[in-house]
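In my numbering, the protein residues as written are 947 to 1045.
Backbone N, C-alpha and C fix where the C-beta goes; we use that ideal spot for every residue, glycine too.
As the structure is a prediction and not an experimental result, all values here were calculated from the model.
First comes the structure, then the notes that go with it.
Listed below in structure tokens is the structure:
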């Protein structure tokens, strides 16, 4: 290690480090959810993200799909951050089992 810290490595985490937005966002009135997932068929220099919008039940879980869209990575990050600024919250949910 050199003085000044140029070659210092730390093991501290300051949140998630994701290459793409991933997970569920729930709107403030708990009526809609958006699931962000990476399109696994997109190549690394043209990453595409799916945004699946669901209607939410009274406890904030997905009940029925409303719509789906696909967007470029930069647009997905913009949407992810804009929704959080509007009060949408990150939720840890799993997709419901299909009957």
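{"query": "Write down the C-beta distance between residue 982 and residue 997 rounded to the nearest angstrom, noting that I regard them as a contact closer than 8 Å.", "result": "6 Å"}
{"query": "According to DSSP, is residue 1012 helix, strand or coil?", "result": "strand"}
{"query": "Per DSSP, what are the beta-bridge partners of residue 976 in this structure?", "result": "None, per the DSSP bridge assignment."}
{"query": "Taking its Cβ as the centre, do 16 or more other Cβ atoms sit within 10 Å of residue 1031, making it buried, or is it exposed?", "result": "exposed"}
{"query": "Quick check: the Cα distance between residue 999 and residue 977, rounded to an integer number of angstroms?", "result": "11 Å"}
{"query": "Quick one: using the 10 Å Cβ neighbour count with 16 as the cut-off for buried, is residue 974 buried or exposed?", "result": "exposed"}
{"query": "Is any non-hydrogen atom of the ligand SAH found closer than 7 Å to the C-beta of residue 1020, if you look at the structure I gave you?", "result": "Judged by which ligands are present, the structure shown has none, so any question about the ligand SAH falls away."}
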